[in-house]
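Asker: Here it is, the structure in full.
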Amino acid sequence: MNFNHPFGSWSEAGQAPSIFGALPYPTDPEYSNLVTFYFTSFSPNILNCTVIGPQARVYYRIVTDNQMPGYTVIKNAEGKNVSLIEWQAHPMIEVRGLLSKQHVRTWLGLTADKRSRTMTVRGMQYTWAPRDKSINLYAGGHRGPTFLARITRANGAITLDMTQDAIQLGLLDPIVAAALLLQCGRNID
Numbered sequence: 792m793n794f795n796h797p798f799g800s801w802s803e804a805g806q807a808p809s810i811f812g813a814l815p816y817p818t819d820p821e822y823s824n825l826v827t828f829y830f831t832s833f834s835p836n837i838l839n840c841t842v843i844g845p846q847a848r849v850y851y852r853i854v855t856d857n858q859m860p861g862y863t864v865i866k867n868a869e870g871k872n873v874s875l876i877e878w879q880a881h882p883m884i885e886v887r888g889l890l891s892k893q894h895v896r897t898w899l900g901l902t903a904d905k906r907s908r909t910m911t912v913r914g915m916q917y918t919w920a921p922r923d924k925s926i927n928l929y930a931g932g933h934r935g936p937t938f939l940a941r942i943t944r945a946n947g948a949i950t951l952d953m954t955q956d957a958i959q960l961g962l963l964d965p966i967v968a969a970a971l972l973l974q975c976g977r978n979i980d
């Protein structure tokens, strides 16, 4: 045993000491200060669920009525219809006050390389693209895209993280609708 070196016994044990958790972990500034929403209470899936936001407050209810199975409605906390999706061979979507009724494949169109989807809101184009284990929303072009939101799925839960900028741009309603469409498992083209 080496008594002159305070950590000498570590090397004699045959394995290096763990520094996991001992050093600060750099956070990606792209993901700092996010507002998180959870798609919860699946009944039996995302087409009938609740979206919970900060302070565990209900922000939306997503309802696919058995009496009208061809329609999914997204209602805000006050119970007002925010978005309507018509499930047909080529699904249609409407987001009240932002998006007139149109085909989902037009609003969330695949790019030519089929690696991402574009979304247009109020004349601005945004891009949904996979990154690691999430689907991220960006504003701007390929040269300098700005991160706005991400959808992640783990352990049966769906999480939507949004930047303050995305919320201030009034994108909460269309992003929730897009998250539903991107996670529902149905053909949206």
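Note that my numbering has the sequence shown beginning at 792, numbered continuously upward.
We put the CB at the ideal spot given by N, CA and C, even for glycine.
Quantities reported herein were computed from a predicted structural model and do not represent experimental measurements.
(1) Hey, how far is the Cα of L890 from the Cα of G947?
(2) For the beta strand (DSSP E) containing W898, list its first residue and its last residue.
(3) Can you name the start and end residues of the beta strand (DSSP E) that L939 belongs to?
(4) Given that a residue counts as buried once 16 or more other Cβ atoms are within 10 Å of its Cβ, and exposed if not, what is T897?
(5) Using a Cβ-Cβ cut-off of 7 Å (strictly less than) and excluding sequence neighbours within five positions of E877, which residues of its own chain qualify?
(6) Look up M883 in the DSSP assignment and give the residues it is bridged to.
(7) Shortest alpha-carbon distance to L976 belongs to which of Y917, P835 and L825?
(8) Hey, how far is the Cα of G888 from the Cα of R944?
(9) Taking only three categories from DSSP, how would you classify C903?
(10) Here's the rule: buried if 16 or more other CB atoms are within 10 angstroms of the residue's CB, otherwise exposed. What is M915?
(11) Can you name, in chain order, every residue of its own chain whose Cβ lies under 6 Å from the Cβ of F833, other than the five neighbours on each side?
(12) Provide the residue span of the alpha helix (DSSP H) that contains A970, from first to last.
(13) Let's test the definition: count the other Cβ atoms within 10 Å of the Cβ of P921 and tell me whether it reaches 16, buried, or not, exposed.
(14) Could you compute how far the alpha carbon of L963 sits from the alpha carbon of Q858?
(15) Between A940 and the rest of its own chain, which residues show a CB-CB distance below 6 Å, the 5 nearest in sequence each way excluded?
(16) Pop quiz: Q955 and V826 are said to be a contact at Cβ under 8 Å. What is the actual Cβ separation, rounded to whole angstroms?
Answerer: Let me spell this out:
(1) 30 Å
(2) No beta strand (DSSP E) holds W898; the alpha helix (DSSP H) holding it covers V895 to W898.
(3) T937 to A945
(4) exposed
(5) G861, Y862 and M883
(6) E877 and H894
(7) As written in the sequence, residue 976 is Gly, which differs from the Leu given in the question. G976 has its Cα closest to that of P835, out of Y917, P835 and L825.
(8) 29 Å
(9) Note that residue 903 is Ala in the sequence shown, not Cys. Looking at A903 - three-state DSSP - the assignment turns out to be coil, as it is neither helix nor strand.
(10) exposed
(11) C840
(12) L963 to Q974
(13) exposed
(14) 28 Å
(15) L928, M953, A957 and I966
(16) 7 Å
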